[in-house]
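Read through the structure below, which is laid out as structure tokens, and then see the notes.
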Amino acid sequence: MAQFMPERVVHARGGAAHGFFEVTDDVTRWTKAAFLSTVRKRTPVFLRFSSVAGELGSADSERDPRGFAIKFYTEDGNYDLVGNNTPVFFIRDPRRFSDFIHSQKRRADTNLRDHNVQWDFWTRTPASAHQVTFLMTDRGTPRSWRTMNGYGSHTFMWVNRGGERFWIKYTLKTDQGIENFTDAEAGAMCAEDTDHHIRDLYTSIQNGDPPSWTMYVQVMDFDGASGYRFNPFDVTKVWPHGDHPLVRVGRLVLDRNPENYFAEVEQ
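Going from the sequence shown to our numbering is simple: count from 1 and add 15.
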């Protein structure tokens with residue numbers, strides 16, 4: 016029997032899989048997190064991909080950012096890393112989030128999405144230019160969830176066993192290589208198979224070809240944030256790799272499909 020639950024306001028359209036995260040490099044100088052404490056240590060994970068503005072009946076291949084939400088089932092409890100397939104976001108002021116979402120959704124009077132409303136918000140929000148630039152390239156139409164990167168986007172804090180604090184940013188690079196649709200290809204796939212991304216992920220795992228991502232962090236000294244040349248907590252900006260190189264942490268693999276989509280993915 017089909018289960019009913021209200022649709023998510025954002026990230027309603029999505030799919031997911033189970034897997035594991037394996038530590039490949041020693042990062043204990045920066046963190047005391049138990050699940051990152053030992054090289055070759057494995058932690059079960061669950062990763063949900065999604066579109067942002069897309070509703071449940073929308074097509075997977077529409078131009079939209081993609082959600083990249085990981086749940087690590089650690090011995091100390093669940094660690095949630097909620098990110099996207101872009102390293103930045105549309106706004107830096109959380110008070111504007113509801114206005115932003117309204118601009119991406121259906122109008123109250125016509126019940127239609129309105130590109131004029133979207134662009135009105137973006138053009139009146141200069142900080143959104145970085146994310147809009149990502150969105151309007153082929154990065155806005157990934158060929159599959161397997162062939163896109165994931166980012167934590169926000170700045171997080173790590174603490175080591177000595178009590179030292181560090182600021183970090185997460186990056187997960189696809190081991191399959193980045194592949195995107197052109198605008199025309201994405202439009203054609205929307206018409207051909209609205210479930211393309213869900214089907215691609217499920218089929219890949221089912222056929223014994225599990226997708227994987229290599230996880231990196233960028234590290235900033237705690238006291239370095241106050242004197243940095245821009246606000247390192249601004250989610251509309253990236254940290255230049257020249258200032259803060261990528262440090263490899265481990266590898267995330269998705270190797271098991273859900274058996275009950277409602278119970279495991281949506282509930």
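For each residue, glycine too, the CB sits at the ideal point set by N, CA and C.
Query                                                                                                : Result
The segment 222 to 229 in contact with the segment 91 to 106 per 3-pair CB rule at 8 Å               : no
Delimiting residues of the alpha helix (DSSP H) encompassing Met204                                  : 198 to 207
Cβ pair count under 8 Å reaching 3, the segment 63 to 82 against the segment 260 to 271              : no
Test item: CB-CB of Val67 and Pro80 under 8 Å                                                        : yes
Gly34 beta carbon less than 8 Å from that of Asp270                                                  : yes
Range covered by the alpha helix (DSSP H) that runs through Ala144                                   : 144 to 150
Assumed close pair Thr58, Phe36 - CB separation to whole angstroms, cut-off 8 Å                      : 5 Å
Given 8 Å, three or more beta-carbon pairs between the segment 251 to 261 and the segment 137 to 154 : yes
Residue environment, Gln282, which counts as buried when at least 16 other CB atoms sit within 10 Å  : exposed
Exposure of Thr125, with buried meaning 16 or more beta-carbon neighbours within 10 Å                : exposed
Residues that DSSP places opposite Asp238 in a beta bridge                                           : In the DSSP output, where bridge partners are listed per residue, Asp238 has none listed.
Where the alpha helix (DSSP H) containing Leu216 begins and where it ends                            : 211 to 221
For Phe61 and Thr101, believed in contact at Cβ under 8 Å, the rounded distance                      : Not a contact, Cβ separation roughly 21 Å.
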